[in-house]
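What follows is one structure encoded as structure tokens, with my remarks underneath.
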Amino acid sequence: MLPIEIRDVTLNYDTPGGKVQGVKDVSFTIAPSEFVCIVGPSGCGKSTLLNIIAGFLKPASGEIRIDGKPVTGQGMDRGVVFQDFAQLFPWRTALGNVSFGLEMKGVPKEEREKIAREQLRLVKLEKFTASYPHHLSGGMQQRVAIARALAYNPAVLLMDEPFAALDALTRDDMQRLLADVWRETRKTVIYVTHNVAEAVYLADRVIVMSPHPGTVKLEVKIPLERPRDPLSAEFVEWQKKLLHHLGHEAGGDDMQTNG
Amino acid sequence: MQEAVSIPVSPAPETRMAERLRVFARNAFPFLVVGTFWEIVARSGIFPRKLFPTLGDAAHAFVDLTAAGILPHHAIETVLRLVTGFGIAAIVGVTLGVLMGRSRRTEDICLPLVSILAPIPGLAYTPLFLLWFGSGEFTVIMLVGFVSMFPVMYNSWTGVKAVKEIWLRSAQALGADNRRMFRLVVLPGALPYILTGLRLGLAQAWRILIAVEMLASVNWGLGWLIFGAREFLNTDAMMAGVFVIAVIGLTLEKFVFQQIERYTVVRWGMVESLG
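Note that the protein sequences, when read in sequence, are chains E and Z.
Letter by letter, the first sequence follows residues 0 to 258 of numbering that gives the first Met the number 0.
Letter by letter, the second sequence follows residues 0 to 274 of numbering that gives the first Met the number 0.
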């Protein structure tokens with residue numbers, strides 16, 4: 000597993016109204032196997048930052064290093080899960096979707112299907128290997144997306160609000176499942192969310208960002224024992240603490256505590 | 000964990016049988032109404048019987064012409080022209096359309112041409128083609144290919160443009176190079192539109208083909224059968240020809256396009272089933 004360094008990353012957006020700063024001088028490091036949540040209100044650049052780490056966007060200045068090597072584009076050392084359910088390929092079955100990355104790597108058919116089956120078992124979808132995405136519920140589609148990102152065994156999993164479009168009950172299930180998957184695989188995870196409870200439930204460390212321009216406001220370690228109980232007094236205490244940090248921001252209103 | 004999965008439930012055999020009968024009755028009803036009306040007019044003597052045959056006469060002509068091998072010969076010639084002409088249009092149209100969607104330069108060159116040429120009714124080109132290429136087989140096929148190419152091209156181009164950005168991103172993140180991105184993501188992603196283009200193209204090809212068979216000097220073909228029968232007031236033969244045209248059209252739709260769609264885009268949930 001590889002450490003990630005983010006050093007003075009800045010990115011500007013060109014809009015009709017002129018240059019808008021997306022993120023400015025963002026720096027932090029992530030330890031191997033660490034689960035980091037990036038939290039902040041809309042417009043704080045958290046998704047932009049994730050896209051830079053994924054290699055979809057090039058920073059104007061600064062750099063990102065994974066295990067010392069600078070990131071210059073997409074790479075098989077990172078797996079990405081998006082918010083949009085449509086990220087799956089509708090013309091491939093769940094199994095076909097999950098084996099896509101392995102196919103690109105040139106893994107022979109039999110082996111990649113074996114691995115894909117294991118990944119689907121990990122997200123509890125072993126019964127749905129032959130289903131096409133449109134026959135799966137939103138939560139199941141997101142689980143396939145997670146299995147797909149994990150299948151070619153990247154060191155880092157990048158997740159951009161993957162459960163934000165799900166209903167509250169399914170989201171709780173998914174968070175539990177992701178915590179289990181993480182415990183089993185020990186991937187480094189960078190997880191973007193605007194849901195404070197989700198961050199407290201999942202993260203080893205929360206990075207709080209503030210908008211205009213997007214900067215890191217502070218980092219908070221969450222020392223709670225796992226598995227975490229969202230109803231315990233300490234959990235609620237941490238949630239309050241985090242909300243308090245966010246509450247000072249202008250965009251603090253759109254932060255969610257739960258659901 | 001909550002699993003919401005739709006599993007198609009197959010009803011008991013007897014209800015399925017009843018259901019089929021009902022669907023058949025529903026489909027047959029309008030034909031029954033039109034047919035009855037036709038018979039009333041044909042037998043009323045408003046038109047001479049020679050010009051407005053009864054359905055019985057037309058059926059008789061159909062059976063006779065089929066038994067004599069004349070109708071099948073006409074039909075085969077027409078279908079061969081359709082397949083050749085439309086086949087060329089499909090290959091060239093999909094290739095150019097996809098290229099237009101992928102390369103900016105091809106788009107800049109082709110799009111204005113397509114925009115101007117596509118809406119022109121195919122029949123308008125016919126005299127030119129007849130002068131340039133003679134009034135034989137070659138002209139017919141060229142014209143069918145040329146005219147039906149445009150909808151294929153246009154829709155393939157739209158399809159490539161409509162491929163979802165998130166599919167491309169996902170594929171990129173999963174390590175797809177350009178070549179495989181094209182084959183495994185762009186082509187299947189554009190398939191619903193490409194199929195629509197082929198369907199529209201085939202309809203165009205069908206129309207222009209029957210019309211050109213009337214104008215070019217070909218010895219066989221359903222268009223020619225219908226047109227030639229006019230000379231001898233063989234309206235029953237004309238109706239038999241029209242009937243065959245309808246049957247071929249319906250067959251292509253039901254057994255070619257709907258089948259292709261059922262095994263691809265409908266199965267993938269990318270378009271709703273129409274059948």
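Where a beta carbon is used, it is the ideal one built from N, C-alpha and C, also for glycine.
Under 8 Å between beta-carbons, which chain E residues line up against residue i? List them in chain order, please.
{"i": "Gly34 of chain Z", "result": "The contacting residues do not exist; Gly34 of chain Z stays about 42 Å from chain E at best."}
{"i": "Lys49 of chain Z", "result": "The contacting residues do not exist; Lys49 of chain Z stays about 56 Å from chain E at best."}
{"i": "Val184 of chain Z", "result": "Phe88"}
{"i": "Trp131 of chain Z", "result": "Within 8 Å Cβ-Cβ: nothing; Trp131 of chain Z doesn't reach chain E, min ~43 Å."}
{"i": "Arg266 of chain Z", "result": "Tyr131"}
Contact check, residue i vs residue j under 8 Å by CB: the rounded distance?
{"i": "Leu201 of chain Z", "j": "Val143 of chain Z", "result": "Not quite, the Cβ-Cβ distance comes to about 10 Å (not below 8 Å), so this is no contact."}
{"i": "Thr82 of chain E", "j": "Ala163 of chain E", "result": "For the sequence presented, residue 82 of chain E should be read as Gln rather than Thr. Contact flag correct, Cβ pair sits at about 5 Å."}
{"i": "Leu194 of chain Z", "j": "Val264 of chain Z", "result": "6 Å"}
{"i": "Gly39 of chain E", "j": "Ser209 of chain E", "result": "6 Å"}
{"i": "Phe34 of chain E", "j": "Trp181 of chain E", "result": "6 Å"}
{"i": "Pro191 of chain Z", "j": "Met269 of chain Z", "result": "5 Å"}
{"i": "Met139 of chain E", "j": "Leu124 of chain E", "result": "6 Å"}
So residue i contacts chain E; which residues on that side make the cut at Cβ distance below 7 Å?
{"i": "Gln288 of chain Z", "result": "The requested residue 288 of chain Z does not occur in the structure, where chain Z is confined to residues 0 to 274."}
{"i": "Lys168 of chain Z", "result": "Per the sequence presented here, residue 168 of chain Z reads as Arg, with Lys not at that position. Neighbours of Arg168 of chain Z on chain E, chain order: Phe55."}
{"i": "Ala175 of chain Z", "result": "Met103"}
{"i": "Arg179 of chain Z", "result": "Met103"}
{"i": "Met269 of chain Z", "result": "Pro89"}
Can residue i and residue j be called in contact, C-beta distance under 9 Å?
{"i": "His134 of chain E", "j": "Ser41 of chain E", "result": "no"}
{"i": "Ile37 of chain E", "j": "Val195 of chain E", "result": "no"}
{"i": "Ala117 of chain Z", "j": "Val159 of chain Z", "result": "no"}
{"i": "Gly78 of chain E", "j": "Leu201 of chain E", "result": "no"}
{"i": "Arg168 of chain Z", "j": "Phe127 of chain E", "result": "no"}
{"i": "Lys68 of chain E", "j": "Thr214 of chain E", "result": "no"}
{"i": "Val205 of chain E", "j": "Glu218 of chain E", "result": "yes"}
{"i": "Ile189 of chain E", "j": "Ile51 of chain E", "result": "no"}
{"i": "Ser43 of chain Z", "j": "Val97 of chain Z", "result": "no"}
{"i": "Val78 of chain Z", "j": "Ile247 of chain Z", "result": "yes"}
{"i": "Ala93 of chain E", "j": "Val143 of chain E", "result": "yes"}
{"i": "Ala154 of chain E", "j": "Lys104 of chain E", "result": "no"}
{"i": "Val139 of chain Z", "j": "Trp166 of chain Z", "result": "no"}
{"i": "Leu168 of chain E", "j": "Ala146 of chain E", "result": "no"}
{"i": "Gly44 of chain E", "j": "Gly21 of chain E", "result": "yes"}
{"i": "Gln238 of chain E", "j": "Val199 of chain E", "result": "yes"}
{"i": "Phe84 of chain E", "j": "Pro132 of chain E", "result": "yes"}
{"i": "Thr9 of chain E", "j": "Pro58 of chain E", "result": "yes"}
{"i": "Ala74 of chain Z", "j": "Leu54 of chain Z", "result": "no"}
{"i": "Glu102 of chain E", "j": "Arg111 of chain E", "result": "yes"}
Applying a beta-carbon distance threshold of less than 9 Å, which residues of chain E neighbour residue i?
{"i": "Ile165 of chain Z", "result": "Phe81, Asp83, Ala85 and Gln86"}
{"i": "Met237 of chain Z", "result": "Residues of chain E passing the Cβ test: none, with the nearest at roughly 45 Å."}
{"i": "Pro187 of chain Z", "result": "Phe88, Pro89, Trp90 and Arg91"}
Based on Cα-Cα distance, which residue from the options lies nearest to residue i?
{"i": "Glu160 of chain E", "options": "E:Leu49, E:Arg227 and E:Arg77", "result": "E:Leu49"}
{"i": "Gln141 of chain E", "options": "E:Gln174, E:Glu110, E:Glu112 and E:Val155", "result": "E:Gln174"}
{"i": "Leu197 of chain Z", "options": "Z:Phe61, Z:Arg19, Z:Gly55 and Z:Gly92", "result": "Z:Gly92"}
{"i": "Val146 of chain Z", "options": "Z:Gly100, Z:Ala88 and Z:Gly174", "result": "Z:Ala88"}
{"i": "Asp235 of chain Z", "options": "Z:Ala60, Z:Arg178 and Z:Arg261", "result": "Z:Ala60"}
{"i": "Val113 of chain Z", "options": "Z:Met99, Z:Val78 and Z:Thr195", "result": "Z:Met99"}
{"i": "Gly61 of chain E", "options": "E:Pro212, E:Ile5 and E:Pro89", "result": "E:Ile5"}
{"i": "Leu149 of chain E", "options": "E:His243, E:Met75 and E:Gly17", "result": "E:Met75"}
{"i": "Met238 of chain Z", "options": "Z:Ile247, Z:Phe23 and Z:Leu224", "result": "Z:Leu224"}
{"i": "Pro2 of chain E", "options": "E:Thr9, E:Arg64, E:Lys45 and E:Gln20", "result": "E:Arg64"}
{"i": "Leu232 of chain Z", "options": "Z:Phe51, Z:Ile45 and Z:Ala41", "result": "Z:Phe51"}
{"i": "Arg101 of chain Z", "options": "Z:Val62, Z:Pro29, Z:Val162 and Z:Asp63", "result": "Z:Val162"}
{"i": "Asp166 of chain E", "options": "E:Phe99, E:Lys186, E:Arg185 and E:Gly137", "result": "E:Gly137"}
{"i": "Met152 of chain Z", "options": "Z:Leu95, Z:Ile119, Z:Trp205 and Z:Tyr124", "result": "Z:Leu95"}
{"i": "Trp205 of chain Z", "options": "Z:Trp219, Z:Phe85 and Z:Ile75", "result": "Z:Phe85"}
Return the bridge partner residues of residue i from the DSSP annotation.
{"i": "Met208 of chain E", "result": "E:Val215"}
{"i": "Ser60 of chain E", "result": "E:Thr9"}
{"i": "Ile3 of chain E", "result": "E:Ile29 and E:Ile65"}
{"i": "Gly78 of chain E", "result": "E:Leu156"}
{"i": "Cys36 of chain E", "result": "E:Tyr190 and E:Val205"}
{"i": "Val18 of chain E", "result": "As written in the sequence, residue 18 of chain E is Lys, which differs from the Val given in the question. Answer is E:Asp13."}
{"i": "Lys23 of chain E", "result": "The partner list for Lys23 of chain E (beta bridge, DSSP) is empty, contrary to what the question assumes."}
{"i": "Lys239 of chain E", "result": "Beta-bridge pairing links Lys239 of chain E to no other residue."}
{"i": "Lys220 of chain E", "result": "E:Arg204"}
What in chain Z is Cβ-close to residue i, meaning under 8 Å?
{"i": "Gly100 of chain E", "result": "Leu173 and Gly174"}
In chain Z, which residues lie with their C-beta within 7 Å of the C-beta of residue i?
{"i": "Met75 of chain E", "result": "Gly174"}
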